[in-house]
Each structure stands twice: as C-alpha cells, then as structure tokens.
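> Provided herewith is a single structure, encoded as structure tokens, for subsequent inquiry.
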Amino acid sequence: MSAHSHVDGQLPHEPEKATLEGRNKVLAFWLFLGGETVLFGTLFSVYLALRGQVLEGNPSANELFDLPLVAAATFILLTSSLTSVFAIQAMHRNNVKSMINWLIVTVALGLGFLVLEVYEFIHYLHMGHGFTTSAFSSSFYTLVGFHGAHVILGVVWISLLIGQVYKKGLNTVTAPKIYVAGLYWHFVDVVWVFIFTVVYLMGKVG
Amino acid sequence: MAHGHTVKRYTGIMDWITTVDHKKIGILYLIAGGFFFLIGGLEAILIRIQLWQPMNDFLSADMYNQVLTMHGTTMIFLAAMPILFALMNAIVPLQIGARDVAFPFLNSLGFWTFLFGGLLLNISWFAGGAPNAGWTSYVPLASPVYSDTHGVDFYVIGLQISGIGTLIGGINFLVTIINMRAPGMSFMRMPMFTWSIFVTSALILFAFPALTVGLAALMFDRLFSANFFNPEMGGNAVLWEHIFWIFGHPEVYILILPAFGIISEVIATFSRKRLFGYSSMVFATVLIGFLGFMVWAHHMFTTGLGPVANALFSIATMLIAVPTGIKIFNWIFTMWGGSITFNSANLYAIGFVPTFVMGGVTGVMLAAAPADYQYHDTYFVVAHFHYVIVGGLVLGIFAGLHYWWPKMFGKMLNETLGKITFWTFYIGFHLTFFVQHFLGLMGMPRRIYQYLDGLGFNQMNLISTIGALLMGIGSILFVVNIIVTSRSKEKLGADPWGDGRTLEWTIPSPPPEYNFLQTPLVRGFDALWKEKMDGNKTVTPAEPVGPIHMPSPSILPFFMSVGLFIGGFGFMYHQYIIGGVGLLITFTCMILRSLYDDHGYHIEVEELEKGVKA
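Residue numbers (the numbering used here), protein chains in the order written: chain S, 751 to 956; chain D, 5 to 618.
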C-alpha cells in the first residue's frame, strides 16, 4: 500500500501521511483552513466597519473590556496550543498514553477558556451590552462568538477523538484525525491572537 | 491486502440515495440541476409574459418580485452551479486517470446538502411567499422592516445549507486534482477542463465563506434582531453590498471558467487540432481567477465610494478583458486550419465565441465608471449579464452535455434534434436579450413589473418575450432529445467521437464503477491523442490488473442533509426544539461516520475480468 510497511503493528514515522487517504485528509484540511481564514477575515472586516457604532448611553469598548481577564484567557488558549503540539509529538513517538494525556490537558484548557468567555459575556450583559444593543455589540458578539463556537466544536471533537483512540489505538486511520484536529486547534488559537489584538487591544486604545 | 469485508450493495432507489460513485453523483446533480433549470426557466417565461405589453397585470407587483428573485437565485445557485458540478463529477476524475474523487463520502454529502438547501428555498412558494428582495437581497429592502414575510428567511437559510455543499465540493476537487492524478499527468499536461475546474474550485474555496458570513449576518438581523444592516442602530446597509459582491463577483467566474474549459475541449476535439496556446490558456484561467477577487466594487459604482475607488476598480475590471481576449483568440486559432465537424456540441461551442465576445464588450462598457452611472440598474445590465451567463455559461453547458453525454450514459444524443434545439435556443436567446441593450440605453429600469405606454419600449419588449418563448421551446426540445435518446438501444465504444484526445475516451462508455481497469500512464498532453499519433490504439497501463479498492455506499450524507433541512426550518419559525433536533440528527450522523471506519471493499480480479467481457 505504501513505502512504509508496518512490521508487527509498528507505525510509520508520520502515520498521518502514510496512506493516500491520510494525505488527502491533511491537504483538504489545510484548504478548509484557507476557507476559514476568509470566513474570519470577513467577520473581522465587519467588526472593523461597525466597531465605532456605539449608541448614546451604551458602554464603549474601552469601558467594557477588562484586559487582565482577556489576557488570562489568551494565556490559557495559547498554552493549549502548546499542549496540542506535545500530543502530536507523542503521536509521532507512537506513545498513545502520553498523546491522550496531552489531549486531555488541551481539552481542559479549552474548557477553561470557555468558562472565562462565558463569564465575560455575562459580565457584559450586566453592563448593558447585549447582542441587539447596537451594531457594535452585534458585530462583537458575532466575531467573538464565532470563535467561541469554534472552540466549543474543537473541545467536543477532540474529546470524541480521545475516546476513539482510547478504544481503537493509534493507526493510519486514527492518526490523520488527531493530526487535523491539531491543525484546527492551532488555527482557532491564531484567530484568537487576532481577536486579542483587533478587538481588545484596539478597543482599549482606539 | 484484500480484505474479507462484504459490503451490502444496494439496488434501485436506495442505490442512488447511498451512492458515493462520482459518476452517479454527477447524474444526480444533472437531474436536480436540470429540474431547477426548468423551474427557473418557467419563472423567466412568467417574467416575460408580464412584460410583453405595457401596464400588463398578469402578475401582481408582489408576485413579480418573488418570481424575479427566485428566477435569479434558482438559476445561479440551483441550476447553473449544480449542472457544472454534474459535469465536473462525471468527467474530471476520468480526465486525470483517477478511480474516484479524493472524498467519495463528502461528494455525496455535497450533493444532498445542495438538494435540500434548494428544496428549502423553493418550499417558500407554499409557505407564505418566496424571497422577494432580488437575488442580491440588498438591505434595507431585505431587512425585517421592509420584507416581513418569511421569504428572505428562506433565502438566507436555504442558500446557507446549499452553500455548504458547494464548499465541500470545491475542497474535494482541489484535493482530487492535486493528489489523485495518474502517473505522468503533470499539471501542465492536464486537460483544459480539469484546469478550469481546479481554478473554479479555488475560487469557491475563497469566495463562499464570505457569503456564509453575509448570510449569517442577515439571518441574525432577521431572526435575532441583530443590527448589522440597520442604520438606526448604527448598522451599515452598504456593508451588505460589499460582503455580497466580494462573494458575488468571484461567483461569476466560478460559473464561467468551467464553460471556458468545456469550450476548449469541444473546439479542439472537433477541429481535430491541439488546443492553440495551451499554456497561455492556463495562464489566462489562473489570472482571471485572481483578478476576479479584485473587482467586486464595480457592482457598486453608483453607491458613492468616491472617484479614487471607482477608478481603481474600473481599471481592474478592464484588465480582465486581456486574459479573456487571449482565450477568444486561442479558440479562433484552434479552429484555424482545422478540419471542423459541425455537430451539435461544436455548434454550441462555436456559437459561444461571438456571443461571449458581445457580453465581454458590454462588460468593458459597464466597467467605465462614469458611463456606468447611465447604465446602472437598466436593462443594459440585464442584457450584459444574460449574454455572459446564458450566452456564455449555458451554451457551454449545452456543448459539454452533448459532448460528454455518450461518456456519461453510453448513448449519443440525437444529432438532428440537437441541431434544431441549438438553432431554436440560439435565435431565441439573441432575440430575447439583444434588444434589451437598447431598452436599457433608452432608460428602461430593471426589476420593474410594469412600464407605461408611449415610452417606445413596447415593440422591443414584445420581441424579447417572443425570444424567451423560443428559448423555452429549445429547452423542451432538449428534454425531448434526452427522452428519445434514452429509448435507443445503441451501444457505444470507448471513443464514440473517434477523435477523443483525453483519458476519458480510453475507457468504456459508460465507464465501469472503478473507471480504469488499470491506471493509465500519461506520456504527454492530450494523452490519448498522443498515443494515437504514435500509432498505438490506447494508453499504456501503469500497473498490472489487480484487485480494486472501492468505498462503501452510505446513507449518512442523506440524513445529515435532512437534519440540516429540518434544523433550518425550525430556526426560521423560532421552533428551537425542532431546530435542535435537526442539528442533532446531523451531528449524530457525523459522529457515527467518525466512529465506524469505512474499510470499503475490493473488486477481485475474477470479477473484473467478467466485467470486461460483458
């Protein structure tokens, strides 16, 4: 089937790319992330176009945003990217146990991020910044909410994959799934870096 | 490596619902797209009946708005694109010597999401009114204030669901073309049709997510009282125009590039000559794809973006005429000195060239921003885009259908009927739209449902209506041709035209489910033609005959799409439980797909040999 023959269940060095199916999946996922980039690019453009539209009497970005909280969320999410790298490295060492452990850490950090985000949104609601308050609020919640939905999806996805690898072990079918989930997780992190800059830092300064 | 898995093989309707075979999915796309084409055509006829005389009251103003909106939306999203997807599914894997697309399961999912999205959109007719804000659905007209039926809700949700299918298809074909080519099939040996699908798929990938965001924002405005496009709350109506056209202009090239590819194949085959300037053709296709993203604001010259923006977008738009001109000259030089066969497929292809040039010329006229203030929102624009979409794309589709029909179905479409169809449709087309240029220049605005007597519009509108009826007759004749052809008992060989140049003509018509018994070895551009010139009957195989691995059929894509359909309905009517159930069905199917590995099955050598003899 491929140049990497498996001897006694020994996986090839990069099991995610050992089969044509795996290579197809990885390439398709990179392309999909290209499409996702356009998706978030459009969301960022919409936010930038509408972020000044705060109505009389509603809190402005500067009044709303609490940088220490957002910085903590950023730290948690970026760390989860690091732990997902550890998981992929463990996969390449064919160490299933370590891989699963690092994935669990990644999911836990993702959940931590979500808890902070939900807390943050509730806090904003109390300050009178709801989804329908103004064009600024609609575009804010849509951009940050789309990202949050991506984190939720990633958490659910990686959790299901953990269960799957726990049962089936690591092979040329499961490895590409783990690998693309890792790619996805990095992408979600990169988007957050832009949100941190464009939404929160620029909201504080501009 | 032959697995012992036995896979249930379905028959009858279950076979079609569960199929993951790209050839069958191509036929499904053709049937569904053809069905929507007839609906969209009927809507066009209704429009023209309404406009045949001044102050006609065949349709009410509101009904006219719905018919007009649904005509545009149906034709672009539910007819033209699916029929192109039909051809790319049926042909691209064959042209690159592949046994299937990279993701057969996703291919099926793409079809079913498109179909259920399209059905959702059309159910609006029976649910209190169709979308009525134009196919571009500009706000504030499409906002909840001015459009208070569920019509535009059906638009945003129906298109969102069918858009998922399109995006999936785009990614699938990019990966297929990059990873699944036969040995020796380098990029610069790929047939022109495959190249055009490659670029089109890239455009889909980078254009459709913008529409996703636009539709989501409009949906939030309408269903959840968001304020994206509501100026009272700080929203911005022009923002919708930007988002829509950032998607919408590439969409135009998503439609026309495959037609360019088809025309290149048909003209080369029936001129019995190598396509003139192949590499410049590839270059022009890629360049058009690139420039297609740089010109969206030419739809918005009169919005008030200012002279600098208008000038830049004006120049960028005119630039596109250069690569398009390269293509036109290449087609002419391909025919030059060739021994041309004037069959129906080639008539459509040759008819395409001058028609598309006319659409291109009015395109350059419209690109001149100052002049556009005069043309904007008149019938001149209507004439222009019908010349490129009907005169370009639809003629291309007809050429492609006649050309590849024997490969897809194993039967040749009737030539006499084909020629009658061509002339009826072609004359009808020019009658309908040529006069509309002048109607526009005389000041007749588009999208109006009545016009006064005595403005000088009467005669030309009448001519236009007669032309539209002729096009309708042409379309019906094509359906008759399909029925007549399907009853014939002829059996065709691998290369029924006798002049096939590319790999799809090396395998039986219709091809077996595994396409290639042995993966072919490609030794040059126009792989089959090169072998013919070297005195060989067919291409050299790149592998011995062995068991062939096939993906299993699956019902999951069907249910995933049903789930989205139910979910869309639920959210539209604020029935969140139904909406949740729909999404749950979809996610459950996704999880099932992930949990149960698809090992597929093998067609063993003995079975293959039986198939070859039969």
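Every residue gets a Cβ at the ideal spot worked out from N, C-alpha and C, and that includes glycine.
Does the segment 201-209 of chain D come within contact of the segment 121-129 of chain D, defined as at least 3 CB pairs closer than 8 Å?
They do not touch, by the three-pair rule.
> Spatial neighbours of Glu517(D) within its chain, please: C-beta separation below 6 Å, excluding the five flanking residues on both sides.
The answer, listed in chain order, is Asp25.
> Which partner residues does Thr382(D) have in the DSSP bridge list?
Paired residue(s): Pro449(D).
> Kindly list, in the order they appear in chain D, the residues whose Cβ is closer than 9 Å to that of Glu867(S).
Per Cβ cutoff of 9 Å: no residues; Glu867(S) is ~19 Å from chain D at best.
> Look up His154(D) in the DSSP assignment and say whether it is helix, strand or coil.
Here His154(D) sits in coil by DSSP.
> Under the three-state reduction of DSSP, which class applies to Ile559(D): helix, strand or coil?
In this structure, Ile559(D) counts as coil in the three-state DSSP scheme.
> Report all residues from its chain with a CB closer than 6 Å to the CB of His756(S); omit the five preceding and five following residues, and keep chain order.
Note on His756(S): pLDDT 47, under 50, position unreliable in the model; the coordinate value appears next. Counting only Cβ-Cβ distances below 6 Å, and skipping sequence neighbours, we find nothing.
> Any beta carbon from chain S within less than 8 Å of Asn231(D)'s own beta carbon?
Cβ-Cβ to chain S under 8 Å: yes for Asn231(D).
> In whole angstroms, what separates the C-alpha of Gln454(D) from that of Arg52(D)?
Gln454(D) and Arg52(D): Cα-Cα distance of roughly 11 Å.
> Candidates Thr170(D), Val368(D), Ile247(D): which alpha carbon is nearest Pro86(D)'s?
With distances taken between Cα atoms, Pro86(D) lies closest to Thr170(D).
> Taking only three categories from DSSP, how would you classify Ile344(D)?
Note: Ile344(D) maps to coil in three-state DSSP.
> Would you say the segment 785-796 of chain S touches the segment 891-904 of chain S, given that touching needs at least three Cβ pairs under 8 Å?
Segments in contact, yes.
> Using only the alpha-carbon positions, how far apart do Pro135(D) and Asn69(D) sit?
If you take the alpha carbons of Pro135(D) and Asn69(D), they lie about 8 Å apart.
> From Ala822(S) to Thr787(S), what does the alpha carbon distance come to, in whole angstroms?
Computed Cα separation, rounded: 25 Å.
> Hey, would you say the C-beta of Val906(S) is under 7 Å away from at least one heavy atom of the ligand ZN?
As for the ligand ZN, it is missing from this structure, which has no ligand bound.
> Quick one: list the residues of chain B neighbouring Glu786(S), beta-carbon separation under 9 Å, in chain order.
Included in the structure are the protein chains S and D, with no chain B among them.
> Secondary structure at Tyr518(D), three-state DSSP: helix, strand or coil?
Looking at Tyr518(D) - three-state DSSP - the assignment turns out to be coil, as it is neither helix nor strand.
> Which residues bound the beta strand (DSSP E) around Tyr605(D)?
Per DSSP, Tyr605(D) belongs to the beta strand (DSSP E) from 605-607.
> Check the Cβ-Cβ distances between Phe944(S) and every residue of chain D, and say whether any is below 8 Å.
No - not a single Cβ of chain D is within 8 Å of the one on Phe944(S).
> Check whether the segment 484-502 of chain D and the segment 150-168 of chain D are in contact - that is, three or more C-beta pairs closer than 8 Å.
With a cut-off of 8 Å, the segment 150-168 of chain D and the segment 484-502 of chain D do not count as touching, because too few Cβ pairs lie within range.
> I need the DSSP call for His553(D), collapsed to helix, strand or coil.
Three-state result, His553(D): strand.
> What's the C-alpha gap between Asn845(S) and Leu853(S)?
Roughly 12 Å between the two C-alpha positions.
> Along the chain, where does the alpha helix (DSSP H) that runs through His763(S) open and close?
Premise fails: His763(S) is in no alpha helix (DSSP H) and is neither H nor E.
> In whole angstroms, what separates the C-alpha of Ile49(D) from that of Thr882(S)?
Taking the straight line from one Cα to the other gives about 42 Å.
> Residues of the segment 921-945 of chain S with a CB closer than 8 Å to any CB of chain D: list them in chain order, please.
Within the segment 921-945 of chain S, the residues whose Cβ lies closer than 8 Å to some Cβ of chain D are Val923, Lys927, listed in chain order.
> For Gln760(S), which residues in chain D fall below 7 Å Cβ to Cβ?
By Cβ distance, chain D contributes nothing, its closest Cβ being about 17 Å from Gln760(S), past 7 Å.
> So that I know if they touch, is there some Cβ in chain D lying closer than 8 Å to that of Ala811(S)?
Closer than 8 Å: no.
> With distances taken between CB atoms, is the gap from Phe177(D) to Ile95(D) smaller than 8 Å?
No.
> If the cut-off is 9 Å on Cβ atoms, which residues from the segment 785-809 of chain S count as contacting chain D, listed in chain order?
Those residues of the segment 785-809 of chain S that come within reach of chain D (Cβ to Cβ, closer than 9 Å) are Gly785, Glu786, Thr787, Val788, Leu789, Phe790, Gly791, Thr792, Leu793, Ser795, Val796, Ala799, Leu800, Gly802, Gln803, Val804, Leu805.
> Can you tell me whether Lys28(D) is buried or exposed? The criterion is at least 16 other CB atoms within 10 Å of its CB, across all chains shown.
Classification of Lys28(D): buried, given that the 10 Å Cβ count is 16 or more.
> Starting from the Cα of Gly784(S), find the closest Cα among Gly76(D), Ala65(D), Ala214(D) and give me that residue.
Measuring from the Cα of Gly784(S), the nearest candidate turns out to be Ala214(D).
> Express the C-alpha separation of Pro148(D) and Glu764(S) in angstroms, rounding to a whole number.
About 53 Å.
> Using the Cβ count rule (16 or more neighbours within 10 Å means buried), how would you classify Glu547(D)?
Exposed, by the Cβ-count rule.
> From Pro561(D) to Ser112(D), what distance separates their C-alpha atoms?
Whole-angstrom Cα-Cα distance: 6 Å.
> Kindly list the residues whose CB is nearer than 8 Å to the CB of Ile181(D), restricted to its own chain and excluding five residues on each side of it in sequence; keep chain order.
So the qualifying residues of the chain are Val96, Ile100, Met194, Thr198, Ile201, Phe202, Ser205.
> Step through the CB atoms of chain D and report whether any lies within less than 8 Å of the CB of Arg843(S).
Judged by the 8 Å Cβ criterion, Arg843(S) is not in contact with chain D.
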